[in-house]
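Reviewing the structure listed below.
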Amino acid sequence: MTDGLLPALVAALKPLGLNYAFALDPGERQAFVRGLGVTLQLCLLTIPGSLLSGVAIAAALTSGRRWLVRPARAFVEVTRNTPTLVQLYCAFLVLNMLITQQLKPLGGTNPLGPFVWVVIVVSLHKGVFHAEALRAGIEAVPRVTLEAARSLGFSQRQLLARVELPLAVRFALPSLVNNLVDLVKMTAVASAIAVGDVTYESIMIWTQRDNVLELLLLILLYFGLLTWLVSLAGRWLERRWRMPGYGQ
Amino acid sequence: MANEHALNPTGRPAAADAGPWRNPWTLAALGAAAVLTFWSATGSTPAVVTHLWRWLPVLLRGLLVNIEISVLAMALGTLAGLAIGALSLSPSRALRVGVRWYVQVFRNAPVLVLIYFTTYVFPFELQVSTWVVPFPDWIKVVLGLALPASAIVAEIFRGAIQSIPSAQWEAAQSLAFRRSEIFRLIVLPQCVRRMLPPWMNLYASITMSTSLASLVGVHDVVDTAQIASNTVARTDFTILVYCTLLGLFFAYCYPIARATRALERRHERH
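Line by line, the protein sequences are chains A and B.
Here the first sequence stands for residues 32 to 279, where the numbers follow our numbering.
Here the second sequence stands for residues -10 to 259, where the numbers follow our numbering.
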């Protein structure tokens, strides 16, 4: 493919004013493809990570225990009302520095790199939004349904696992998918701390070649593809888990 | 503070009911004031705090840049978004498809990528006949943020118009209102009320996105904090300055979020 199709494509786009000559340079092409892979990895790690942290935070928010609800609420408010970039700096420049300093006298090196920090920060950030959606979903489960299940002899645990959570997840699904689409877009912020994602690799290429527009079109296409896949999966799940009696 | 209580969203009795001295915010402010007085009276202010005090005006000036960018981007985005939203209701199919694409593209693009897009694609100065007008980076960031804002405002507007039951249009028509009158007197006032909460949410999120301006070389509050941290070069100051940065954004965005929730709650009842 590299010897036939690619030069033909580049040559075909040239008259349109789009200069994709970087794709013919093996080093730059590999860097760009690596960037695509890193962004995909970030998405594949942060999607389950954010869902897990979302469930944990939602559990804390709805636990009804004051000592658990209050810190969770404070965490949610701070996370929702501050920029991800600043959170990333606080984690990477402050926490990471502190960990490195603590480990230095012990002779250890900090095992956490920028990639891991992006995964942690983005997972927690979107986890907060998932938690809010799940909390709303839990609150939307009708009381009568729970009472009916209790009267049928469901134990507390069965009630949660068989009735409350399945319904809550279905109620929350549209906003969860929305959050995941946002999450995919948010991974672009990784380039700020030099994680080699697609945005970062593109910056490296366009500072050399001055082909910003061409690369930006590719990035937008790639993110469009990823968000489209996420919303496709979401729609599939919504159809699969459709509740009789709700929606069309 | 009075405002704070008016917007108390939980509906439980506000702390003020137990007297202003029980309010945790008042207590925190008093505590901070007491510590500051003690420090300045005994001359034992920690060096970190002195450094922060010296950098605070610069940081606030940086925050002002963020706020300017967010206000301008939101104003532009709202104007464009309303126009685009109106087009999405037009009878012409081609127009509707075009608008659909615009909204999809700019809603699904990462804001950071759009900011890079406007920063690097637009020239750094414009040639208007004989004058050369500089085109500074912060205006490009305004444009970069206005693009997604306009797409989202268009969606909010379309949703609001479509949420008005068509029976109202028919009822108004039967009362001999003209189409423009129905829109102006009946539909629009209800739409404004429905659009306000999501619009405020969008403003808060655009404000937070202005922090990305620091990545394209605008001297905003994040950039200032980095400069401060590198200039002073002390571990404790670095921690403090980034916490302050978090606090500044929180102090600006949290009241907006509270007001939004209070508005939503009020509309639920009506």
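Using N, Cα and C, we set each Cβ at its ideal position, and we do this for glycine too.
Outcome for residue i when other beta-carbon atoms lying within 10 angstroms are tallied against a minimum of 16
i        : result
B:PRO2   : Note that B:PRO2 scores a pLDDT of 48, beneath 50, so its modelled location is shaky; the value from the coordinates is reported in the next line. Exposed.
A:THR140 : exposed
B:ALA22  : exposed
A:ALA219 : buried
B:SER79  : exposed
A:HIS161 : buried
A:LEU248 : exposed
B:ARG261 : No answer is possible for residue 261 of chain B: it lies beyond the span of chain B, which begins at -10 and ends at 259.
B:GLU196 : It is worth fixing the name first, because residue 196 of chain B is Thr in this sequence and not Glu. With 16 or more Cβ atoms within 10 Å of its Cβ, B:THR196 is classed as buried.
B:SER118 : exposed
A:ASP241 : exposed
B:GLY51  : buried
A:GLY168 : buried
B:PHE113 : exposed
B:LEU237 : buried
A:GLU245 : buried
A:ARG201 : buried
Contact test: residue i Cβ vs the ligand SAM heavy atom, cutoff 7 Å
i       : result
B:PRO80 : Looking at this structure, you won't find the ligand SAM or any other ligand, since it has none at all.
Supposed close pair residue i, residue j - CB separation, criterion 8 Å
i        : j        : result
A:VAL86  : A:LEU191 : 12 Å between Cβ atoms; not a contact.
A:ALA199 : A:VAL159 : Not quite, the Cβ-Cβ distance comes to about 17 Å (not below 8 Å), so this is no contact.
A:GLU269 : A:LEU211 : Not a contact, Cβ separation roughly 13 Å.
B:ILE175 : B:ALA161 : 5 Å
B:LEU252 : B:PRO186 : 5 Å
A:VAL149 : A:ALA221 : 4 Å
B:LEU234 : B:VAL211 : 7 Å
A:ARG193 : A:PHE185 : 7 Å
B:TYR192 : B:ILE245 : 7 Å
A:LEU129 : B:TYR231 : Not quite, the Cβ-Cβ distance comes to about 11 Å (not below 8 Å), so this is no contact.
A:SER84  : A:LEU155 : 5 Å
A:LEU214 : A:ILE78  : 7 Å
A:HIS243 : B:TYR109 : Sequence check: residue 243 of chain A is Val here, not His. At roughly 4 Å, the Cβ-Cβ gap stays under 8 Å, so A:VAL243 and B:TYR109 are in contact.
A:LYS216 : A:THR176 : Actually they are not in contact, since the Cβ atoms of A:LYS216 and A:THR176 sit about 36 Å apart, beyond 8 Å.
B:HIS306 : B:VAL207 : Nothing can be reported for residue 306 of chain B: it is not among the residues displayed for chain B, which extend from -10 to 259.
B:ASP209 : B:SER203 : 5 Å
Assigned secondary structure, residue i (DSSP; H/G/I helix, E/B strand, else coil)
i         : result
A:LEU260  : helix
B:VAL117  : strand
A:VAL41   : helix
A:VAL86   : helix
B:PRO46   : helix
A:VAL125  : helix
A:PRO275  : coil
A:VAL226  : coil
B:ALA(-5) : Reliability of the predicted coordinates at B:ALA(-5) is poor, the pLDDT of 47 falling under 50, and no value is obtained from them.
B:PRO244  : helix
A:PRO46   : helix
B:PRO35   : coil
B:VAL54   : helix
A:PRO79   : helix
A:PRO57   : helix
A:PRO102  : helix
B:VAL207  : coil
B:LEU229  : helix
Limits of the unbroken alpha helix (DSSP H) element including residue i
i        : result
B:LEU28  : A small fix is needed here, since residue 28 of chain B is Trp in this sequence, not Leu. Unbroken alpha helix (DSSP H) run through B:TRP28: 13 to 31.
B:LEU103 : 100 to 110
A:PRO205 : 196 to 217
A:HIS161 : 145 to 171
B:TRP10  : Neither: B:TRP10 is in no alpha helix (DSSP H) and is coded neither H nor E.
B:SER163 : 155 to 163
A:THR113 : Where A:THR113 is concerned, there is no enclosing alpha helix (DSSP H), given that its DSSP letter is neither H nor E.
A:ARG180 : Reading the sequence as shown, one finds Ala at residue 180 of chain A and not Arg. 174 to 182 is the extent of the alpha helix (DSSP H) around A:ALA180.
B:ILE145 : 126 to 151
B:PHE95  : 82 to 96
B:ARG186 : Sequence check: residue 186 of chain B is Pro here, not Arg. Here the alpha helix (DSSP H) through B:PRO186 covers 177 to 198.
B:VAL211 : 210 to 221
| field | Three CB pairs or more closer than 8 Å across the stretch 130 to 150 of chain B and the stretch 87 to 95 of chain B | value | yes
| task | Specify whether the stretch 101 to 118 of chain A and the stretch 33 to 53 of chain A touch according to this definition: at least 3 beta carbon pairs, one from each stretch, less than 8 Å apart. | result | no
| query | Can we say the stretch 59 to 70 of chain B touches the stretch 125 to 141 of chain B, given the rule of at least three CB pairs closer than 8 Å? | reply | yes
| task | May I ask you to verify whether the stretch 140 to 150 of chain A touches the stretch 214 to 232 of chain B, counting CB pairs closer than 8 Å and requiring at least 3? | result | no
| message | Below 8 Å, how does it come out for the stretch 227 to 239 of chain A and the stretch 66 to 73 of chain A: are there three or more Cβ pairs, yes or no? | response | yes
| task | Tell me, please, whether the stretch 249 to 266 of chain A touches the stretch 95 to 102 of chain B by the rule of three or more beta-carbon pairs shorter than 8 Å. | result | yes
| task | Assess, as a yes-or-no matter, whether the stretch 47 to 58 of chain B is touched by the stretch 120 to 132 of chain B under the definition of 3 or more beta carbon pairs within less than 8 Å. | result | yes
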